[in-house]
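Worksheet: one structure, shown below.
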Amino acid sequence: MGKYLLVMLFVFCFATTLYAAPIGITSEADARESELWPNKDLGLSVGFVADRVDKRAIDIDDGEFEMDALMLRIGVSAINRFYLYVDIGEAQNMQYSCYVNNGTKVIYDHEDDLLFGIGLNALAYRWDNGLEVGVSGSYRKADMAPNEVNIEGVVYRKDELDSVRNGEFTEWQVGCELAWKTDYFIPYIGMKYSDVEVDGDVTLSNIQYNANGKNASNNIGAFLGFAITPTLPETYGKEQLTINLEGRFIDEQAYTAGISYKF
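In this note's numbering, the protein residues as written are 45 to 307.
Listed below in structure tokens is the structure:
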């Protein structure tokens with residue numbers, strides 16, 4: 045029990061200081077056993093992912109973006125190597141701040157909106173001692189509709205603005221990961237290349253504050269995480285549940301926590 049608590053404390057210490065958006069273990073396809081199609085090298089999993097992007101630097105004067113996301117994740121694994129998943133949920137508390145028009149500080153607060161994502165994790169190679177290398181790729185997007193805007197410290201509601209132009213949040217990433225698969229624990233670490241695009245555009249008193257189409261200012265980042273695959277009594281000794289904690293840093297400050305069950 046002490047070993048379990050020590051491992052969880054280690055992960056939480058990193059998660060609370062680093063923060064990261066989700067990548068997950070690239071050996072997700074065979075991290076757990078399938079009960080639905082046990083002899084067909086196929087598996088179906090359903091889970092929940094909570095994600096917090098605390099800071100993502102944007103390539104505009106003092107540009108920063110932050111967001112919360114709550115997602116349902118549905119995944120299909122094949123031949124114990126490939127894991128294809130779809131995320132459906134809600135992007136919350138989207139805030140985009142920057143300087144526009146030669147030094148005017150603007151903070152765009154956006155409405156909560158539907159978030160959609162898709163990703164693929166693949167196990168490339170595993171050694172006999174449990175060390176493994178994997179690759180991953182993902183994409184997600186949500187509409188960005190300004191709800192209010194802070195211009196030089198004064199907050200204006202949507203109905204107080206001359207015009208509001210909706211935009212989109214988009215993010216894509218590819219990553220390479222080194223993990224160590226044991227019976228119940230899978231720690232992992234890796235590097236990734238990612239980019240985001242965010243929008244913010246309103247007009248007040250015939251002055252346009254346009255920060256549309258801006259991308260991340262740093263594309264190369266790192267991540268680390270830990271997956272736990274406990275054995276539940278009702279699964280008759282099979283590991284069908286996965287708990288995942290992850291942090292990403294350098295290019296962004298964010299964290300994620302997820303839980304899923306494989307049928």
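Every residue, glycine too, gets a C-beta built ideally from N, C-alpha and C.
Same chain only: Cβ atoms within 6 Å of residue i, ignoring 5 sequence neighbours per side
i, result
"residue 207", "247"
"residue 114", "94, 133, 134"
"residue 287", "272, 303"
"residue 31", "Past the edges of the chain, shown from 45 to 307, lies residue 31, and the structure says nothing about it."
"residue 128", "120, 164"
"residue 157", "135, 186, 187"
"residue 221", "70, 178, 232, 234"
Secondary structure of residue i, DSSP reduced to three states
i, result
"residue 85", "coil"
"residue 192", "strand"
"residue 203", "helix"
"residue 274", "coil"
"residue 267", "strand"
"residue 292", "strand"
"residue 224", "strand"
"residue 119", "strand"
"residue 261", "coil"
"residue 254", "strand"
"residue 112", "strand"
"residue 174", "coil"
"residue 107", "strand"
"residue 125", "coil"
"residue 155", "coil"
"residue 96", "strand"
"residue 209", "coil"
"residue 139", "strand"
"residue 249", "coil"
Beta-carbon separation (whole angstroms), residue i vs residue j, contact threshold 8 Å
i, j, result
"residue 166", "residue 174", "That belief does not hold up - the Cβ atoms of residue 166 and residue 174 are roughly 18 Å apart, past 8 Å."
"residue 123", "residue 90", "In fact, because the Cβ distance is near 20 Å, the residues do not count as touching under 8 Å."
Sequence-distant residues of the same chain with beta carbon closer than 7 Å to residue i, five excluded per side
i, result
"residue 295", "238, 260, 262, 263, 264, 265"
"residue 169", "176, 177"
"residue 101", "107, 108, 260, 261, 262"
"residue 191", "153, 154, 155, 202"
"residue 257", "241, 243"
"residue 210", "187, 188, 189"
"residue 104", "142, 255, 258"
"residue 195", "148, 150, 248, 253"
"residue 250", "206"
"residue 313", "Beyond the ends of the chain as shown, which are 45 and 307, falls residue 313; an answer cannot be given."
Residue i burial status per 10 Å Cβ neighbour count (16 or more: buried)
i, result
"residue 197", "exposed"
"residue 289", "buried"
"residue 252", "exposed"
"residue 148", "exposed"
"residue 267", "buried"
"residue 300", "buried"
"residue 193", "buried"
"residue 204", "exposed"
"residue 245", "buried"
"residue 199", "exposed"
CB contact flag (residue i, residue j, <9 Å)
i, j, result
"residue 130", "residue 88", "no"
"residue 214", "residue 236", "no"
"residue 161", "residue 140", "no"
"residue 269", "residue 232", "yes"
Contact set for residue i: own chain, Cβ-Cβ below 8 Å, skip 5 residues either direction
i, result
"residue 92", "114, 115, 116, 117, 302, 303, 304"
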